[in-house]
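In the working numbering, the protein residues as written are 181 to 411. Every residue, glycine too, gets a C-beta built ideally from N, C-alpha and C.
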């Protein structure tokens with residue numbers, strides 16, 4: 181329905197509802213109003229712990245299998261191993277990207293920051309047992325962040341161009357506007373959301389920082405979302 185799997189959406193709402201009521205995260209935009217609408221359905225919205233446990237077990241199994249595959253690659257290459265090749269596909273994912281993400285989650289977990297996406301002492305121990313440097317290579321991380329910053333800046337500049345082209349008539353990016361491989365209106369909507377969360381000190385805020393916030397503000401466009409026609 182509406183382009184998504186409605187069962188998975190319901191399952192996610194159950195989790196967000198439970199976290200919202202418990203005062204934990206993630207609760208992804210859950211509010212008293214939304215919680216009330218879910219409760220009005222007359223459906224048990226506290227997550228079925230048996231189903232949740234089964235899902236978590238499947239996630240743990242997938243995580244462990246991927247970690248084992250990294251260990252196998254390391255053992256195959258021995259002293260020559262300096263990381264998973266960037267094109268390595270395994271278990272339906274790019275294993276290099278998975279490793280990169282785990283390095284980040286490991287570093288955040290050890291630092292007590294977020295996101296750390298299910299990282300635990302047990303998982304951290306498995307990564308450490310690989311004998312591989314799991315603290316993120318800052319040079320590689322900086323290169324990736326620079327590429328992301330370049331893309332972000334280019335998209336922001338395109339919004340500025342559209343605004344300048346339309347002048348006083350500008351009331352937002354048209355819904356069908358594609359640029360740099362993304363739907364620019366949706367990108368703007370996400371940036372508005374990240375901007376609001378960043379200013380409120382909440383997360384996720386999608387890499388929003390003071391510099392990006394200032395660039396958005398310099399557009400002289402209302403980045404506080406009017407959601408009536410956006411959702």
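Contact check for residue 243 and residue 303: beta-carbon distance about 7 Å, within the 8 Å limit, so the pair qualifies. Look at residue 362 here: in three-state DSSP terms it is strand. Residue pairing by DSSP places residue 269 opposite 274 in a beta bridge. DSSP places residue 216 in the uninterrupted alpha helix (DSSP H) bounded by 212 to 220. With respect to the 8 Å criterion, residue 338 and residue 359 are classified as neighbours on the basis of their beta carbons. Taking a cut-off of 8 Å on C-beta distances, the stretch 196 to 216 does not touch the stretch 388 to 395, as fewer than three cross pairs fall below it.
The three-state reading of DSSP puts residue 250 in helix, counting H, G and I together. Counted as a single uninterrupted DSSP element, the alpha helix (DSSP H) harbouring residue 398 occupies residues 390 to 398. Looking at 271, 373, 383, the one whose alpha-carbon comes closest to that of residue 293 is 383.
A residue is called buried when at least 16 other Cβ atoms come within 10 angstroms of its Cβ; residue 362 does not meet this threshold and is exposed. Between residue 310 and residue 251, the CB-CB gap stays under 8 Å. Here residue 371 is buried. Its C-beta has 16 or more other C-beta atoms within 10 Å. A residue is called buried once 16 or more other Cβ atoms fall within 10 Å of its Cβ, and residue 373 is buried on that count.
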